[in-house]
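Asks: Have a look at this one.
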Amino acid sequence: MADYAVWAPEKDKVRVLVDGETYAMRRETGGWWRADVEDNGPGSAYAFLVDDDPTPLPDPRSTWQPNGVHSASRRYDQNSFWWTDQAWTGRTLAGSVLYECHIGTFTDEGTFDSAIEKLDHLVALGIDMVEVLPVNAVDGPRNWGYDGVGWYAVTENYGGPDGFKRFVDAAHARGLGVVLDVVYNHLGPSGAYLDRFGPYFAGSNIWGPSLNLDGPWSDEVRRFAIDNALMWLRDFHVDGLRIDAVHALRDTRAQHVLEQLAVEVAALEAHVGRPLSLVAESDLNDPKMITAREGGGLGMTAQWTDDIHHCLHSVLTGEGQGYYSDFAEADLAGLAHVLTRGFLHEGTWSSFRKRTHGAPVDTARIPGHRFVTYLQNHDQIGNRATGDRLTQLLSPGILACGAAILFTSPFTPMLFMGEEWGARTPWQFFSYFPDEGLREAVRKGRTAEFAEHGWGDVEVPDPNAESTFLDSKLDWTEHEQEPHATLLAMHKELIAIRKAWPELSDPWLDEVAVDVHPEARTLVIHRGRLRVLVNLGPEEVALDLGATVTRILLASEPTASEQSDITLPGESFAIAVLAE
Numbered sequence: 001m002a003d004y005a006v007w008a009p010e011k012d013k014v015r016v017l018v019d020g021e022t023y024a025m026r027r028e029t030g031g032w033w034r035a036d037v038e039d040n041g042p043g044s045a046y047a048f049l050v051d052d053d054p055t056p057l058p059d060p061r062s063t064w065q066p067n068g069v070h071s072a073s074r075r076y077d078q079n080s081f082w083w084t085d086q087a088w089t090g091r092t093l094a095g096s097v098l099y100e101c102h103i104g105t106f107t108d109e110g111t112f113d114s115a116i117e118k119l120d121h122l123v124a125l126g127i128d129m130v131e132v133l134p135v136n137a138v139d140g141p142r143n144w145g146y147d148g149v150g151w152y153a154v155t156e157n158y159g160g161p162d163g164f165k166r167f168v169d170a171a172h173a174r175g176l177g178v179v180l181d182v183v184y185n186h187l188g189p190s191g192a193y194l195d196r197f198g199p200y201f202a203g204s205n206i207w208g209p210s211l212n213l214d215g216p217w218s219d220e221v222r223r224f225a226i227d228n229a230l231m232w233l234r235d236f237h238v239d240g241l242r243i244d245a246v247h248a249l250r251d252t253r254a255q256h257v258l259e260q261l262a263v264e265v266a267a268l269e270a271h272v273g274r275p276l277s278l279v280a281e282s283d284l285n286d287p288k289m290i291t292a293r294e295g296g297g298l299g300m301t302a303q304w305t306d307d308i309h310h311c312l313h314s315v316l317t318g319e320g321q322g323y324y325s326d327f328a329e330a331d332l333a334g335l336a337h338v339l340t341r342g343f344l345h346e347g348t349w350s351s352f353r354k355r356t357h358g359a360p361v362d363t364a365r366i367p368g369h370r371f372v373t374y375l376q377n378h379d380q381i382g383n384r385a386t387g388d389r390l391t392q393l394l395s396p397g398i399l400a401c402g403a404a405i406l407f408t409s410p411f412t413p414m415l416f417m418g419e420e421w422g423a424r425t426p427w428q429f430f431s432y433f434p435d436e437g438l439r440e441a442v443r444k445g446r447t448a449e450f451a452e453h454g455w456g457d458v459e460v461p462d463p464n465a466e467s468t469f470l471d472s473k474l475d476w477t478e479h480e481q482e483p484h485a486t487l488l489a490m491h492k493e494l495i496a497i498r499k500a501w502p503e504l505s506d507p508w509l510d511e512v513a514v515d516v517h518p519e520a521r522t523l524v525i526h527r528g529r530l531r532v533l534v535n536l537g538p539e540e541v542a543l544d545l546g547a548t549v550t551r552i553l554l555a556s557e558p559t560a561s562e563q564s565d566i567t568l569p570g571e572s573f574a575i576a577v578l579a580e
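Read in order, the letters of the sequence shown correspond to residues 1 to 580 in full-length UniProt numbering.
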């Protein structure tokens, strides 16, 4: 006997259709409906009939949608998978190096099983945790993942729920943690049937319908999101969640849904006996996001930090259009600021927003490892008009300089797939909805968005074209060729040095100092007795470090040192050890 349940608090009648037979459901407390049905076990097809609507609807909490988001759900047994990671004790975010990847474009096959074959590459690189873009069920054969509507189901495009479990199990066998990207701020435009059951939605945002987190009946809606998060951590053994665009979660209740999530994840963490991380993507520049609950914060483990990216990007590329304008104006002084403060906008004027923005970070209380930072990520590449990577914009020398700043920073560094070898394949925006009207709306919407962000008349690849998707797949033969092989070796050495020298993983921002010379385009970053010297200019420079250099740990170009002086070639970096 199987228990079928669905939440539909304001409906007069709900029935469940199981393997072609219809069964009445009984109303229970809290708006739930239930029925006990003798079915055919796991794999049984089922759907719900609400009131007198003859349309069978998939289960909002369905964990298996093998025939697509519009079709009947299938029963799935979470306990049937044979896990081999019993000895896995987890990974803390602090001290880790992250690697962001999209399963569909990570390999030619675009599946979990083919991604497993590349995990040894990540181990050799020095990665600690793989951050996987959303894997939940979406309408259509290809998508970034942020248009998901079956939040509890793993897309069949990549291999379904068992495929994802095989991926996590294989990662753990290699000592790699897995962070999963989840989206709770909206649902995709096709297959979002939640409102047919109950008051799940409360208006919409620029991406789609948003959840009712604080209105009537919002208790169960919050449970819908939180139970989903707990499912990934518990049933799929993932080690953390990256929560998309939390600034779009509209919640006026006394306890924000993120704090409620932090409370429940802490309880689950104690039960499973391994660290579980919550990483917020937030553009609020609000330190409360990553302040512990005991200190009056929301208790997120970390947050993505675009201010650091924007400063790095503007300094390295010289771009200053759109939201880069303030960062380009701040230049090297702005980069020095974020390397010691985390945020550029900390209660200061934001010309892009046309208002003051953010609040200062208490660097004595908030460690730098709570800021996940990057030179590139899926947004910062894919939301460029042509999806071009830094490889198309910068010389190998400047790419190496950017990597040196990233991996010697007090933050939690993250790479985007292929960045380690300077991949030349673009990563463009792609999707494909079966509905022609939706495809046209996506095409027009992306063009308008790029124009708004200052891209002018650049020709935007058609997001619906299969070629846009295929062009975005990594070319795994590149890293064996030059200059890619040298850049890959450089990344391996930088990560190894970061892990070998505690000064570089020290997260306390008030221990970091940065000297800049705007005219010469140089930075000297102080990390304990280490100095990270970066010459972004084209000409050789001589730098006096004020203390004897005892050792050069790594240099991207031949570098001469004598006593306290180092001569650094153009577009190069060096990491030096000073006498104590």
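The beta-carbon is built from N, C-alpha and C at its ideal position, and this holds for glycine as well.
What separation, rounded to the nearest whole angstrom, lies between the Cα atoms of I314 and L393?
Replies: Going by the sequence as given, residue 314 is Ser instead of Ile. When rounded, the distance between both Cα atoms is 12 Å.
Asks: Cutting at 7 Å between CB atoms, please list the residues of its own chain near W7, excluding the five before and the five after it.
Replies: G31, W32, F197, G198, E220
Asks: In this structure, how does DSSP classify M490 when only helix, strand and coil are distinguished?
Replies: The answer is helix: DSSP assigns M490 an H, G or I state.
Asks: Where does T29 land, buried or exposed, given buried means 16+ other C-beta within 10 angstroms?
Replies: exposed
Asks: Comparing C-alpha positions only, which one of M414, A400, L339, T340 sits nearest to Y374?
Replies: M414
Asks: Answer yes if the stretch 143 to 163 comes into contact with the stretch 92 to 112, meaning at least three C-beta pairs across the two stretches below 8 Å, and no otherwise.
Replies: yes
Asks: Throw me the rounded Cβ distance for the C398 and L316 pair, which I believe falls under 8 Å.
Replies: The sequence as given places Ile at residue 398; Cys does not occur at that position. Right, their Cβ atoms sit about 6 Å apart.
Asks: Rounded to whole angstroms, what is the Cα-Cα separation between V534 and A292?
Replies: Roughly 34 Å separates the two Cα atoms.
Asks: State whether the stretch 513 to 522 contacts the stretch 532 to 552, with contact taken as three or more CB pairs (one from each stretch) at a distance under 8 Å.
Replies: Result yes; three or more Cβ-Cβ pairs closer than 8 Å.
Asks: Among I127, P141, N67, whose alpha-carbon lies nearest the alpha-carbon of G95?
Replies: The shortest C-alpha to C-alpha distance from G95 to any of I127, P141, N67 is the one to I127.
Asks: What number of angstroms, rounded off, separates the C-alpha of A423 from the C-alpha of T408?
Replies: 22 Å
Asks: Assign P396 to one of three DSSP states: helix, strand, or coil.
Replies: helix
Asks: State whether the stretch 506 to 513 contacts the stretch 545 to 565, with contact taken as three or more CB pairs (one from each stretch) at a distance under 8 Å.
Replies: no
Asks: With C-beta atoms as the reference, is A280 less than 9 Å away from L298?
Replies: Cβ atoms of A280 and L298: closer than 9 Å.
Asks: From P287, R250, D227, A248, pick the residue whose C-alpha is nearest to that of V263; which is it?
Replies: Residue D227 is the option with its Cα nearest to V263.
Asks: Excluding sequence positions up to five away, which residues of its chain have a Cβ less than 6 Å from the Cβ of L488?
Replies: E420, W421, H479
Asks: Mind checking who A45 pairs with in its DSSP beta bridge?
Replies: R74
Asks: Please report the Cβ distance between H186 and N205, rounded to the nearest whole angstrom; I am assuming they are in contact, meaning their Cβ atoms lie under 8 Å.
Replies: 6 Å
Asks: Tell me the residue span of the alpha helix (DSSP H) that contains N228.
Replies: 218 to 235
Asks: Would residue 599 and Y193 qualify as a contact pair, given that the criterion is a beta-carbon distance under 9 Å?
Replies: What is shown of the chain runs 1 to 580, which leaves residue 599 out entirely.
Asks: Under three-state DSSP, which class holds E294?
Replies: helix
Asks: Assuming F327 is part of the beta strand (DSSP E), what are its boundary residues?
Replies: Per DSSP, F327 belongs to no beta strand (DSSP E); it is in the alpha helix (DSSP H), 325 to 341.
Asks: Are the CB atoms of S556 and S572 nearer to each other than 9 Å?
Replies: yes
Asks: Reducing DSSP to helix, strand and coil, say where R424 ends up.
Replies: Three-state DSSP puts R424 in coil, outside helix and strand.
Asks: I need the straight-line Cα distance from F81 to D169, nearest angstrom please.
Replies: 10 Å
Asks: Could you tell me the alpha carbon to alpha carbon distance between A579 and R529, rounded to whole angstroms?
Replies: Cα to Cα, A579 sits roughly 7 Å from R529.
Asks: With which residues is W32 paired in a DSSP beta bridge?
Replies: Note: W32 sits in a beta bridge opposite W7.
Asks: State the start and end residues of the unbroken alpha helix (DSSP H) segment that holds I103.
Replies: Bounds of the alpha helix (DSSP H) holding I103 are 103 to 106.
Asks: What are the boundary residues of the beta strand (DSSP E) that includes R355?
Replies: 355 to 357
Asks: In chain order, what residues of the same chain lie with their CB nearer than 8 Å to the CB of E38, ignoring the 5 residues before and after it?
Replies: These residues qualify, in order along the chain: M1, A2.
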